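Notes to accompany the following structure.
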Amino acid sequence: MAMSGDSGSPELAAPDLTRSKNWQPAVMLKKFGRYGKENGCLRYPSGISVADNGLIYVADNRLNKVLIYDIEGSYISSFNCSGAASVTALRDGNLAIASYTGSTWLSDSCGLHVFTPDGQCVQAFKNVPAATSVAVNANHEYIIVDPVEQCISVINSHGDIVRQFNRTGRGEAKLPFALTVNSRNEIVVSDTSNNCVKVFNNLGVCLNQFGQKGKSQHMTMAIAPDGSVIRFNKPKGICVDSTDNIYVADSKNGRIQMFTPDGQHQRSILMSSPKFFRKTVAPEAVAMAPTGELLVSCVGDFTEIRVYAL
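Under full-length UniProt numbering, the first residue of the sequence shown is numbered 1, with each subsequent residue one higher.
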């Protein structure tokens, strides 16, 4: 994905001020979108995905839309989807969209749809009242975060719930936020309430878990000095690259954290630069482009999409 910065020159993501050996610079190639209601503007970009053809899809939960941008970040079009919270570009060219409006108990609500790229709904999963995140595994099953049942649900192509796991029970605030599937068909989950990342096999058995709560305020390393503790503060979006490295939007700490497939911390990308430390830049969602760039949707004082070369 050949993208140039808006100013004509690339920007370096700011280093963690502790000068952690795990910090390495990442070049911000491009940023696009801004807060507003005009065409191409954003209000709360809660989900992002990049198709094999390079088109960028952004789910905006407050605009109730999915916005489409080209490979350079230029706005193309959008279509309506009530409560659009997460979008995943499918291999067949269609889009799986998880929706959450807050009205999870309405009988006519629907939390999972499949749309064509031009916004035509081709399938609605009526027995899924709400979802905050969706991914698809190698068995062509849909994996969702279910805020009604407070669990992760696996749904087949006919809309039947095949299995559920990581259940916490209704009324408990222990809901995971986002998930993705790696090349080994494992489900990688960012658990916002518990400030950790969990990895499950396809049957729902937890294989690994890492992380605990820790605030940064731009001054604290992502890991403890002895490497024993990985710190998160409300992790949200999550994705993997072609070698299953894990990228987590550590939202309240204002950074992206990268891990090996087995959970070893590799590096951090700080969203703010020193002159903007009083501004809030919260990464909300992350996605990998087919050509290896990292896309980040940001909310707060800077509502925009950023593209980084790693």
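Where a beta carbon is used, it is the ideal one built from N, C-alpha and C, also for glycine.
These numbers come from a predicted model, not from an experiment.
Taking the DSSP output, what are the residues bridged to residue i?
i: residue 300; result: 281
i: residue 206; result: 200
i: residue 265; result: 259
i: residue 146; result: 151
i: residue 80; result: 65
i: residue 96; result: 88, 114
i: residue 47; result: 59
i: residue 133; result: 145
i: residue 249; result: 256
i: residue 213; result: 232
Contact defined as beta carbons within less than 8 Å: I believe residue i pairs with residue j. What is the distance between those atoms, to the nearest angstrom?
i: residue 155; j: residue 165; result: Contact doesn't hold; Cβ gap of about 13 Å is too wide.
i: residue 197; j: residue 135; result: With a Cβ gap of about 14 Å, residue 197 and residue 135 do not count as contacting.
i: residue 61; j: residue 46; result: 4 Å
i: residue 68; j: residue 84; result: Their Cβ separation, rounded to whole angstroms, is 12 Å, which puts residue 68 and residue 84 out of contact at 8 Å.
What number of angstroms, rounded off, separates the C-alpha of residue i from the C-alpha of residue j?
i: residue 212; j: residue 235; result: 10 Å
i: residue 189; j: residue 146; result: 13 Å
i: residue 251; j: residue 120; result: 32 Å
i: residue 207; j: residue 55; result: 33 Å
i: residue 294; j: residue 163; result: 32 Å
i: residue 125; j: residue 28; result: 38 Å
i: residue 33; j: residue 42; result: 6 Å
i: residue 65; j: residue 81; result: 5 Å
i: residue 193; j: residue 118; result: 35 Å
i: residue 292; j: residue 243; result: 11 Å
i: residue 256; j: residue 177; result: 16 Å
i: residue 191; j: residue 127; result: 24 Å
i: residue 130; j: residue 285; result: 18 Å
i: residue 310; j: residue 26; result: 5 Å
i: residue 204; j: residue 231; result: 25 Å
i: residue 111; j: residue 144; result: 9 Å
So, at 8 Å on beta carbons, what are the nonlocal neighbours of residue i in its own chain, with the 5 sequence-adjacent residues on each side left out?
i: residue 122; result: 94, 114, 115, 116
i: residue 266; result: 22, 245, 258, 259, 260
Keeping to the same chain, check which residues put their C-beta closer than 6 Å to that of residue i; ignore five residues upstream and five downstream.
i: residue 161; result: 153, 155
i: residue 40; result: 75
i: residue 313; result: The question about residue 313 has no answer, for the chain in this structure spans 1 to 310.
Whose C-beta lies closer than 7 Å to the C-beta of residue i among residues of the same chain, with five residues either side of it excluded?
i: residue 89; result: 49, 50, 51, 57, 95
i: residue 140; result: 157
i: residue 281; result: 254, 271, 272, 298, 300, 301, 302
i: residue 233; result: 195, 213, 214, 215, 216, 250, 252, 253
Contact between the segment 260-273 and the segment 56-72 (3+ Cβ pairs under 8 Å): No, the segment 260-273 does not touch the segment 56-72.
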